[in-house]
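My numbering numbers the first residue of the sequence shown as 270 and each following residue consecutively. Even for Gly, the Cβ is constructed at its ideal location relative to N, Cα and C. All figures in this text were calculated on a predicted structure; none of them were measured in a lab.
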Amino acid sequence: MIQKIFDCIDARADEYKEFLKEIVCIESCSDDKEGVDAVGSYIRAHAEAWGFQTQVVPFEKSGNGLLVTMNADAALPPITFTGHMDTVFPRGTFPTLWREEDGILYGPGVADMKGGLAMGLLVMRALQDAGWTERPIKFIFVPDEEVSENLSGEAGKAFIMDNARGSAAAITLEAGSSKRVTVGRKGSIRYKVNVTGRAAHAGNNYAQGISAVKEAALKVLEIEKASDQAQITYNCGIFRGGTSANTVPGETEFTLYNRYWRLEQRQEIRDHVEGIIAKSFIPGTTATFEITGERLPMDATEDNYALAAHIKAVAEKHGFGSPEPFLKSGGSDASYTTMAGVPSVCSMGPGGFRVHSVEEYMPAETLVSRAKLLAAVVTELPAEFGPTGR
Numbered sequence: 270m271i272q273k274i275f276d277c278i279d280a281r282a283d284e285y286k287e288f289l290k291e292i293v294c295i296e297s298c299s300d301d302k303e304g305v306d307a308v309g310s311y312i313r314a315h316a317e318a319w320g321f322q323t324q325v326v327p328f329e330k331s332g333n334g335l336l337v338t339m340n341a342d343a344a345l346p347p348i349t350f351t352g353h354m355d356t357v358f359p360r361g362t363f364p365t366l367w368r369e370e371d372g373i374l375y376g377p378g379v380a381d382m383k384g385g386l387a388m389g390l391l392v393m394r395a396l397q398d399a400g401w402t403e404r405p406i407k408f409i410f411v412p413d414e415e416v417s418e419n420l421s422g423e424a425g426k427a428f429i430m431d432n433a434r435g436s437a438a439a440i441t442l443e444a445g446s447s448k449r450v451t452v453g454r455k456g457s458i459r460y461k462v463n464v465t466g467r468a469a470h471a472g473n474n475y476a477q478g479i480s481a482v483k484e485a486a487l488k489v490l491e492i493e494k495a496s497d498q499a500q501i502t503y504n505c506g507i508f509r510g511g512t513s514a515n516t517v518p519g520e521t522e523f524t525l526y527n528r529y530w531r532l533e534q535r536q537e538i539r540d541h542v543e544g545i546i547a548k549s550f551i552p553g554t555t556a557t558f559e560i561t562g563e564r565l566p567m568d569a570t571e572d573n574y575a576l577a578a579h580i581k582a583v584a585e586k587h588g589f590g591s592p593e594p595f596l597k598s599g600g601s602d603a604s605y606t607t608m609a610g611v612p613s614v615c616s617m618g619p620g621g622f623r624v625h626s627v628e629e630y631m632p633a634e635t636l637v638s639r640a641k642l643l644a645a646v647v648t649e650l651p652a653e654f655g656p657t658g659r
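Following this line, the structure appears as C-alpha cells:
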C-alpha cells in the first residue's frame with residue numbers, strides 16, 4: 270500500500286506545485302480578511318471537487334476558519350493536520366509573487382506556511398487515489414496564526430481545539446527538515462504600554478517637562494534585564510514617542526513581546542512586567558498597558574515524544590532521515606492541539622528558509638519527499654496509538 274501511495278504522490282507532484290503557486294499568489298496578510306478568505310475559498314472549492322467534506326467557520330475580524338475532512342465515517346480515531354492561511358506580508362511587499370529558480374520556490378508564505386497547506390492536501394489526495402480508508406483525516410485551516418489568533422480571539426483558539434479533540438495524533442505542517450521534529454514550543458505574551466509625562470519646550474521650559482520617553486526607556490531596560498535565553502526572554506520591538514526634537518516628550522508607546530517554555534512561568538512574567546509598568550522611575554509619570562496577543566506554550570508532553578518516536582522510526586524505515594525531537598522557541602498552533610489532549614508534533618511541512626523575509630523560499634523537491642514521509646506516518650500509525658494522559 271505505501272508504495273502505491275508514494276506513486277500517487279509522484280503522479281500529482283506537478284499538480285500540487287501549481288496549486289501552491291495559486292495560493293501563494295493570493296496575498297493574505299493576517300489582517301487582510303479578504304485575502305485570507307480568498308485562500309480559504311480556493312482550498313474549499315478544490316476540496317469539495319475531490320469529494321472531501323468542508324465546513325467554514327466565520328470570524329468577524331479575521332479570515333474564516335476552514336475544516337476539510339476525508340474518510341469521515343472511518344472507525345479509527347482521526348489524525349488531524351493543522352496549518353495557517355495567513356502570512357506576515359502586507360499586499361505589495363513582494364515585487365514578484367512567485368518565482369522558481371533552480372528547483373527553489375520563492376514567494377510570500379511559500380514556506381510559512383502555504384507549502385504545508387499544499388503538501389497536506391497532496392497527501393490527502395494520494396491517500397484517496399490509493400484507496401486508503403482506515404481513518405478520518407481532518408485538516409484545520411487557521412486564518413490568523415501569525416498574530417496568535419489575536420483577530421479571531423478565543424473563538425479562533427476554540428476552533429482549533431474543538432476540531433482536534435479526540436484525535437489519535439495532530440501534526441502541524443509548519444516548515445520542517447529531515448533532522449528535527451518539534452515536540453515543544455514557547456508561549457508568548459504581547460504588551461502595548463503607554464507612558465505619560467508632561468510636554469514642555471525643551472529650551473525655555475525644560476525643567477517643567479517630564480519625559481515620557483526617558484521613563485519608558487528605564488522601564489524597558491529594567492524589564493529586559495531579566496531575559497534568559499534558556500527560559501524567558503523579553504523584547505521591546507517597537508518604541509514610539511515625542512512630537513518634535515525641541516519638545517520634552519509627554520507621551521510614549523512601546524510594544525513588549527516575551528517568550529517562555531512552561532505554563533507555570535506565565536504568572537512570573539506578568540508579575541515582573543506589570544510590576545515595572547506600575548512603578549514610576551521618574552516622579553510625575555504614569556503608565557497603562559493592554560495585552561494585545563497571547564499564545565500559551567506547547568508543552569513537551571510524553572505523548573508528543575511518543576509521536577515523535579513513531580515519526581523517527583518511520584523516517585528511518587523509508588530513508589527520510591532520522592529526525593530527533595526538538596524544542597523550538599517560536600510559537601505555533603500545535604500549542605492548542607496539545608492543550609486539547611492530543612499527541613502533537615510540529616514542523617512536519619516542506620523545507621523552508623528565510624521565512625518572514627522577501628527572500629523566503631522552499632526547495633521544490635521537499636514538497637514530495639516530506640509528503641511521502643507524512644503519508645507513511647499516517648498510514649503506519651498503530652491502531653491503538655492515542656493520548657495516554659501523561
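Of the listed residues the options, nearest to residue i (C-alpha basis)
i: E370; options: R639, M608, P632; result: P632
i: L289; options: A344, G385, A609; result: G385
i: T606; options: R313, V326, A438; result: A438
i: P594; options: A609, V611, A575; result: A575
i: E415; options: P405, K407, I406, K426; result: K426
i: G389; options: V637, E653, F654; result: V637
i: D413; options: Q534, I274, D300; result: D300
i: A341; options: G378, M393, G453; result: M393
i: R564; options: D572, W530, P592; result: W530
i: P612; options: S421, T365, A433; result: A433
i: P377; options: A387, L396, V357, A395; result: V357
i: I501; options: G511, N463, V462, H541; result: H541
i: I440; options: H579, V462, Q498, N515; result: H579
i: V517; options: A495, A469, L532, K548; result: A469
i: F558; options: S421, K461, I274; result: K461
i: S310; options: V646, L336, A609; result: L336
i: M339; options: L391, Y375, E653, K383; result: L391
i: A662; options: V646, T635, A644, V308; result: Past the edges of the chain, shown from 270 to 659, lies residue 662, and the structure says nothing about it.
i: S616; options: F321, A577, I312; result: A577
Pairwise C-alpha distance: residue j and residue i
i: G621; j: T657; result: 32 angstroms
i: F589; j: F550; result: 56 angstroms
i: N504; j: K488; result: 12 angstroms
i: I479; j: V624; result: 42 angstroms
i: G372; j: D381; result: 18 angstroms
i: Q402; j: V293; result: The displayed chain sequence assigns Thr, not Gln, to residue 402. Cα-Cα distance, rounded: 30 angstroms.
i: Y475; j: E484; result: 16 angstroms
i: R535; j: I348; result: 30 angstroms
i: T362; j: F523; result: 25 angstroms
i: E287; j: I560; result: 40 angstroms
i: E649; j: V583; result: 8 angstroms
i: L442; j: D355; result: 14 angstroms
i: E491; j: N527; result: 14 angstroms
i: T365; j: K302; result: 22 angstroms
i: R449; j: H315; result: 31 angstroms
i: H353; j: I409; result: 8 angstroms
i: E284; j: E418; result: 31 angstroms
i: L420; j: K383; result: 20 angstroms
i: G610; j: S436; result: 9 angstroms
i: V614; j: T451; result: 6 angstroms
i: G655; j: P346; result: 8 angstroms
Residue i burial status per 10 Å Cβ neighbour count (16 or more: buried)
i: K641; result: buried
i: S331; result: buried
i: S598; result: exposed
i: P327; result: exposed
i: R509; result: exposed
i: K407; result: buried
i: L596; result: exposed
i: E296; result: buried
i: S513; result: exposed
i: D572; result: buried
i: R404; result: buried
i: S496; result: exposed
i: I278; result: buried
i: G379; result: The question names Gly, but residue 379 in the sequence shown is Val. It is buried - the Cβ of V379 has at least 16 other Cβ atoms within 10 Å.
i: M270; result: exposed
Chain B contact for residue i (CB, 8 angstroms cutoff)
i: F654; result: Absent here is chain B; the protein component of the structure consists of one chain.
Whole-Å CB distance - residue i paired with residue j, under 8 angstroms assumed
i: R467; j: G553; result: 6 angstroms
i: T465; j: A481; result: 6 angstroms
i: I458; j: I538; result: 6 angstroms
i: G334; j: V411; result: 7 angstroms
i: M567; j: G400; result: Not confirmed; about 34 angstroms, so no contact.
i: S447; j: P592; result: 6 angstroms
i: D602; j: I429; result: 6 angstroms
i: I274; j: L396; result: 6 angstroms
List, from N- to C-terminal side, the beta strand (DSSP E) runs of 3 residues or more that fit wholly inside the segment 320-375.
Taking only runs of at least 3 residues, the beta strand (DSSP E) segments lying wholly in the segment 320-375 are 322-326, 334-339, 348-353, 368-370, 373-375.
List, from N- to C-terminal side, the alpha helix (DSSP H) runs of 4 residues or more that fit wholly inside the segment 485-569.
Those alpha helix (DSSP H) runs which fall completely within the segment 485-569 and span 4+ residues are 534-547.
What residue ranges within the segment 431-496 form continuous alpha helix (DSSP H) runs of no fewer than 4 residues, ordered along the chain?
The DSSP assignment places 481-493 as complete runs of the alpha helix (DSSP H) inside the segment 431-496, in order along the chain (cut-off: 4 residues).
What are the complete alpha helix (DSSP H) segments, minimum 4 residues, inside the segment 588-655?
Listed in chain order, they are 603-608, 634-648.
Considering only residues of the segment 272-319, which uninterrupted alpha helix (DSSP H) runs meet the minimum length of 4 residues and lie entirely inside it, listed in chain order?
Contiguous alpha helix (DSSP H) elements confined to the segment 272-319 occur at 302-318, taking only those with 4 or more residues.
Sequence ranges, alpha helix (DSSP H) only - wholly within the segment 402-433, length at least 4
Counting whole runs of 4 or more residues, the segment 402-433 contains the alpha helix (DSSP H) stretches 422-433.
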